[in-house]
Amino acid sequence: MARTARFFLLLTLALCSPCLAIELSQDFDSGSLNVAQSTVSSTTVNLVGRKTWTSSPYASYYRWVYFEASGVQGLTPTFNISNTYFLGSLGGHRYVYSYDRENWQFFDHGTIASSTYRFYNNTPFTQDDVYIAYSLPYPLSRTEEHMSRVAASPFVAPTASDLGSLVIGHSGGGTDDLGRTISPHDLYGYTISDPGATGEKFKVMLAGGNHSCETMGNHALEGMIDFLLSDDPIAAGLRDVADFYVYPQVNPDGRVAGYYRGTPQNPSKDYNRYWNNPTGFTDMTAVRNAMLLDTGGDIDYLFDFHGMFGPWSRPDYFDVVPGDLGSDFALALAEWEPDILETASAAEPGMLRDWALSQYGLKAEHAYTAEFGARPGNLEPELDAIGANYARALYRTLVPVPEPAVIVYVLTAAVAWFFFAGSRRA
Ligand SMILES: [Zn+2]
23 MARTARFFLL LTLALCSPCL AIELSQDFDS GSLNVAQSTV SSTTVNLVGR KTWTSSPYAS
83 YYRWVYFEAS GVQGLTPTFN ISNTYFLGSL GGHRYVYSYD RENWQFFDHG TIASSTYRFY
143 NNTPFTQDDV YIAYSLPYPL SRTEEHMSRV AASPFVAPTA SDLGSLVIGH SGGGTDDLGR
203 TISPHDLYGY TISDPGATGE KFKVMLAGGN HSCETMGNHA LEGMIDFLLS DDPIAAGLRD
263 VADFYVYPQV NPDGRVAGYY RGTPQNPSKD YNRYWNNPTG FTDMTAVRNA MLLDTGGDID
323 YLFDFHGMFG PWSRPDYFDV VPGDLGSDFA LALAEWEPDI LETASAAEPG MLRDWALSQY
383 GLKAEHAYTA EFGARPGNLE PELDAIGANY ARALYRTLVP VPEPAVIVYV LTAAVAWFFF
443 AGSRRA
């Protein structure tokens, strides 16, 4: 090869090495990207979301996105993804990125140009491999790590359906939309309470992971659980008056496979529409049976933790059935979280909330579907704090602050008793 030709070949390779270097992958716990249809051209990355919920009105939509981009050090790529086929609203949304999958940051920019949502940073990536997601991931491995910490608490105990190690059953596994084998996973359930507390106690159920991609709900739930296990006096008070029945990840296969509503076993079905008849759902059947056995089929409260996908003009909220609007819990939560709205929504019979309220379900007095947004500003500390405030509000609900009249009555009675006892001693 002539010297000049060799020079130009090297120059071309040098100039092109960054564009050739960016590679995309998603083959890890809760990863989700249609890598085969995504393309890279220089530093422009055109992403295609996986359309994993095959129910007919939604089969052409994607929602959850989580992938690894390699070969990005020193580059400032622009990522494009369909706005049209996103199920939700990307207006004002920011994707997040992390080099270690623990510390996440929002991208500097996220803009919509008609059919395309585009996100990018002002400065180049500082490491070669970066993880990028629609919002804070909560892979199944995080549930498993959290379980190992939970299991060490003196306030955690197995439920009646325990098979050992706080496992109450197993999911069904299956083959996902990419042809991958998804192995069955452990389903967890446990109680949080003060084993020394006696007398009748409230029964409160906490559930998470119902919808595969609603990771924000799992973060808030983790915040609530960690608070309940803490030394905080309110947490101790809650353990004194209530037994908590916790099912932290009721749909592990959907989460691990990177699905957004269905599961590999039931890709066309919305996981939160079959709690009244879970035929064909190995996971839901096992969790539902455990919920019934563990609680005796009669609870006071259910909190089902979910996540939402915009628009970000809508605050975080929790759904109640219309008859429960203005509940004591809503009033209490407003003291801690004034921006979170209580909203009325008639539940559908297959929702966990509705089944929990029903006479053939858990006969719950109150049931809430708590929704948390991946809005800019909501990272892990914020979601943890919201979860803790759900617990504080519940304490205020279960152990109301006495009315002033009651305090006056009690004080008067105490003073009267003092003088009465004193006169008897004299
Ligand atoms: Zn949901």
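Oh and the sequence shown: position 180 is 202 in our numbering, straight run, nothing missing.
Ideal placement from N, C-alpha and C gives every residue a C-beta, glycine not left out.
Reference residue i; option with closest CA among the options
i	options	result
Lys223	Ala58, Ile321 and Val172	Ile321
Ala386	Ser54, Leu324 and Thr365	Leu324
Val226	Gly201, Val268, Ala258 and Cys235	Val268
Tyr412	Leu384, Asn400, Tyr339 and Tyr293	Tyr339
Arg85	Ser120, Asp361, Arg140 and Gly332	Gly332
Tyr390	Ser77, Pro422 and Val343	Val343
Thr148	Asp361, Ser78 and Val94	Val94
Thr100	Thr76, Leu69 and Ala257	Leu69
Ser335	Gly395, Pro180, Asp265 and Pro255	Gly395
Glu167	Pro180, Leu55 and Glu124	Glu124
Val62	Ala354, Ala43 and Glu370	Ala43
Ser60	Ile103, Tyr83 and Tyr80	Ile103
Asp122	Ala135, Gly113 and Val152	Val152
Glu236	Leu353, Thr181 and Gly329	Gly329
Arg397	Ser82, Gly113 and Gly53	Gly113
Gly259	Thr419, Leu55 and Asn56	Thr419
Simplified DSSP state of residue i, which is helix, strand or coil
i	result
Phe351	helix
Ala264	strand
Arg116	coil
Asn273	coil
Ser47	strand
Asn68	strand
Asn400	coil
Val423	coil
Glu244	helix
Glu167	helix
Tyr417	helix
Asp87	According to the sequence shown, residue 87 is Val rather than Asp. If DSSP states are grouped into helix, strand and coil, Val87 belongs with coil.
Arg375	helix
Euclidean distance between Cα positions of residue i and residue j
i	j	result
Val67	Ile154	12 Å
Met246	Ser380	25 Å
Tyr282	Asp350	33 Å
Gly231	Gly239	7 Å
Ser367	Asp341	6 Å
His192	Pro424	45 Å
Thr138	Thr106	7 Å
Val172	Leu185	17 Å
Gly319	Ser77	31 Å
Glu404	Leu416	19 Å
Val91	Leu251	It should be pointed out that residue 91 corresponds to Ala in this sequence rather than to Val. Distance between the alpha carbons of Ala91 and Leu251 is about 37 Å.
Met169	Ile190	13 Å
Cβ-based neighbour list, residue i, same chain, cut-off 8 Å, excluding 5 preceding and 5 following
i	result
Thr22	No answer is possible for residue 22: the residues shown for the chain start at 23 and end at 448.
Leu35	With a pLDDT of only 45 at Leu35, under 50, the local geometry of the prediction cannot be trusted, and the value read off the model is given with reservation. Around Leu35: no qualifying Cβ.
Tyr142	Thr98, Pro99, Thr100, Phe101, Phe129, Asp130 and His131
Leu384	Met227, Met313, Leu314, Thr317, Gly319, Asp320, Ile321, Leu324, Trp377 and Ala378
Sequence-distant residues of its chain with Cβ nearer than 7 Å to residue i (five each side left out)
i	result
Asn144	Asp130
Pro40	The predicted position of Pro40 is uncertain, since its pLDDT is 45 and thus under 50; a value taken from the coordinates is nonetheless stated next. Hits under 7 Å: Thr65 and Leu97.
Asp262	Asp216 and Ala219
Asn273	Gly231, Asn232, Ser234, Thr285, Tyr293 and Asp305
Leu243	Leu228, Gly230, Pro270, Phe327 and Gly409
Val57	Leu46, Ser47 and Gln48
Same chain, Cβ closer than 6 Å to residue i, neighbours up to 5 away in sequence not counted
i	result
Leu363	Pro337 and Tyr339
Gly71	Tyr84 and Val87
Any non-hydrogen atom of ligand 2 within 7 Å of residue i CB
i	result
His233	With respect to ligand 2, the structure shown offers nothing to examine, as its ligands consist of ligand 1.
Counting Cβ pairs, one atom from each stretch, are 3 or more of them under 8 Å apart for the segment 274-290 and the segment 199-207? Yes: the two stretches touch, three or more of their Cβ pairs being nearer than 8 Å.
Taking 8 Å as the cut-off, does the segment 46-60 touch the segment 174-190 (at least 3 CB pairs, one atom from each stretch)? no
Just checking, does the segment 156-163 make contact with the segment 116-131 on the three C-beta pairs under 8 Å criterion? yes
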